[in-house]
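As given, the protein sequences belong to chains A and B, one line each in that order.
Once you know that position 131 of the first sequence is 131 in the UniProt record's numbering, the rest is easy, because the numbers rise by one and skip nothing.
Once you know that position 121 of the second sequence is 121 in the UniProt record's numbering, the rest is easy, because the numbers rise by one and skip nothing.
For every residue, glycine included, the Cβ atom is placed at its ideal position computed from N, Cα and C.
Working notes for the structure below.
Number of protein chains: 2
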Amino acid sequence: MARSPSGESLLTRVVRILDAFGPDTPVLTVSEISHRAALPAATTARLVREMTGHGLLARDERRRVRIGTRMWELAERASPVLGLRQAALQYMGDLQAVVGHSTQLGVLDGGEVLFVERLSAPDAVVNITRIAGRLPLHASSAGLVLLAHGSAEVRERIARGPLPALTPHTIADERALRAELAEVRRRGFAFCPGHIHPDATGIAVPVRQNGEVVAALGLVVPNDDAAWPLHQPLLLTGRALSRALSAAPVFSG
Amino acid sequence: MARSPSGESLLTRVVRILDAFGPDTPVLTVSEISHRAALPAATTARLVREMTGHGLLARDERRRVRIGTRMWELAERASPVLGLRQAALQYMGDLQAVVGHSTQLGVLDGGEVLFVERLSAPDAVVNITRIAGRLPLHASSAGLVLLAHGSAEVRERIARGPLPALTPHTIADERALRAELAEVRRRGFAFCPGHIHPDATGIAVPVRQNGEVVAALGLVVPNDDAAWPLHQPLLLTGRALSRALSAAPVFSG
């Protein structure tokens, strides 16, 4: 593998450039990419040129750079989450039509929740999750569900901390976290009023494929007395989606 | 840029490996990748190893390879189609709830239609489109809409052919294609009974952002007498989505 003078492989540099883009920075200049990827300007310009040639990046009329349609196509057409997303979308649409607000689907990835789908009403309460965005496992309702049903290894690693608090209501203490995970397993859902934002309540349930928890389905609703009863429609939707996933082995590829 | 003895850059080989995966081949062995990407076995094994290290690829318990969650995340979180998809999904859900069958959203990319979203009922009529799948412009209803409203340059290039026929009803003749494109512009939608599959009718309308056509919204329904009237709900949905897109400049990044 070709290495730069710093000993870094070309692929490492390509990934660093892709990593410079995000939901808040979908369009960047070459010098912004160079800065965010911590790569020399000349190296960045050369790699951006080659990546653009392959469609991994694209340039707009002002020569600013963004992720290319080809990159999206390569990732999406054999997407590891495509089957799950497609099965879930119909059930999420039903939930959205009945309950409103925001509904989202997260999977466990690299010690965090990675959100693979989200539907949101225009007037929904504040919700910081995004498609392909991440949240810490201990702070989010989807994360608590995934942690409660995940491997002991991940659970122990997260429980040992650190457990940063996003609000005064975030579970930021090992003993409280362990008690909460037991409670999530017992009652079948996570309920997190104000854990991520004081105005919002997250509720999440497990999505199972042939018994194994493969994702967490969640709602983000206003943090008020109307939130608690919504665990029922959410539980029903989680069970319906789990049944659909278990009937057709779409997620195992 | 590092080049192999054949003079091919590393990035070219990486893209060839990613390109080996598709909707029908989401999981491959290293030797299948080597074959499909036309790369030597040792080169393939080495690149797969490095790409797996970066999360661009992932291995399952049987050491078979698939696109990695990290690759999906890098492409999706700053996706060039994210804003369009998110705006469209709610309107597509409404259409799906009212009309049923399949509804899909395509953009013009590289002289073809690239489908960026699709919702489908479990009992929907045969529909060969897939998310991140492609169809020829002249054969599909979405393609005719994009061609009718696209640049003269693309239109002339496609019209000159070849125009391969997928069924006896595909428009496979330059004069017929030009007449049809004029008709699509005049009446505001494309109507394609049996053009792609004898059992299915495609209908598509333009999606506009501030007057410019940025996508085609389509239905795939059974090829029978009930198909024609569905252009009305589709036209209404296309107008509603265009209005939403033009109010908020989500697609321009």
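- Pairwise C-beta distances place the region 35-43 of chain B out of contact with the region 95-102 of chain A, as fewer than three of them are shorter than 8 Å.
- Counting only the Cα atoms, Pro162(B) lies some 17 Å from Glu180(B).
- Taking a C-beta distance under 8 Å as the contact criterion, Ala215(B) and Val207(B) qualify as a contact pair.
- Around the Cβ of Trp72(B), a 10 Å sphere holds 16 or more other Cβ atoms; the residue is buried.
- Fewer than three beta-carbon pairs drawn from the region 136-144 of chain B and the region 74-84 of chain A are found closer than 8 Å, and the two stretches are therefore not classed as touching.
- For Leu135(B), the three-state secondary structure derived from DSSP is strand.
- Interface with chain B (8 Å Cβ-Cβ cutoff): Phe189(A) is excluded.
- Residue contact with chain A for Ile67(B): present (Cβ-Cβ distance below 8 Å to some residue of chain A).
- Contact with chain B is absent for Asp225(A), since none of that chain's Cβ atoms lies less than 8 Å from the residue's Cβ.
- Judged by DSSP secondary structure, Leu119(A) falls within the beta strand (DSSP E) whose first and last residues are 112-120.
- Only exposed fits Gly110(A), as fewer than 16 other CB atoms lie within 10 angstroms of its CB.
- Taken through DSSP and simplified to helix, strand or coil, Glu212(B) comes out as strand.
- Segment contact: the region 11-28 of chain A against the region 60-72 of chain A, three or more CB-CB distances shorter than 8 Å; contact assigned.
- Leaving aside the five residues that flank Gly194(A) on each side, the residues in its chain whose CB is nearer than 6 Å to its CB run, in chain order, Thr167, His169, Asn223.
- Around the beta carbon of Ile203(B), 16 or more other beta carbons sit within 10 angstroms, so the residue counts as buried.
- By the criterion of a C-beta distance shorter than 6 Å, Val27(B) is surrounded in its chain by Arg64, Arg66, once the five residues flanking it on both sides are discounted.
- DSSP places Ser141(B) in the uninterrupted alpha helix (DSSP H) bounded by 141-149.
- Around Gly22(B), the beta-carbon contacts reaching into chain A at under 9 Å are Arg77, Ala78.
- Of Arg243(A), Leu245(A), Asp199(A), the smallest CA-CA separation from Ala226(A) is found for Asp199(A).
- Taking CB atoms only, Leu95(A) has no neighbour in chain B less than 8 Å away.
- Not flagged as an interface residue toward chain A: Leu163(B), since no C-beta distance is shorter than 8 Å.
- The beta-carbon of Ile158(B) is placed no less than 8 Å from the nearest beta-carbon of chain A.
- Taking the Cα of Thr129(A) as reference, the smallest distance to any Cα among Leu219(A), Arg46(A), Ala247(A) is reached at Leu219(A).
- When the five nearest sequence neighbours on each side are left out, the beta carbons in the same chain lying within less than 6 Å of the beta carbon of Asn127(B) are those of Ser102, Val220, in order along the chain.
- Residue contact with chain A for Leu74(B): present (Cβ-Cβ distance below 8 Å to some residue of chain A).
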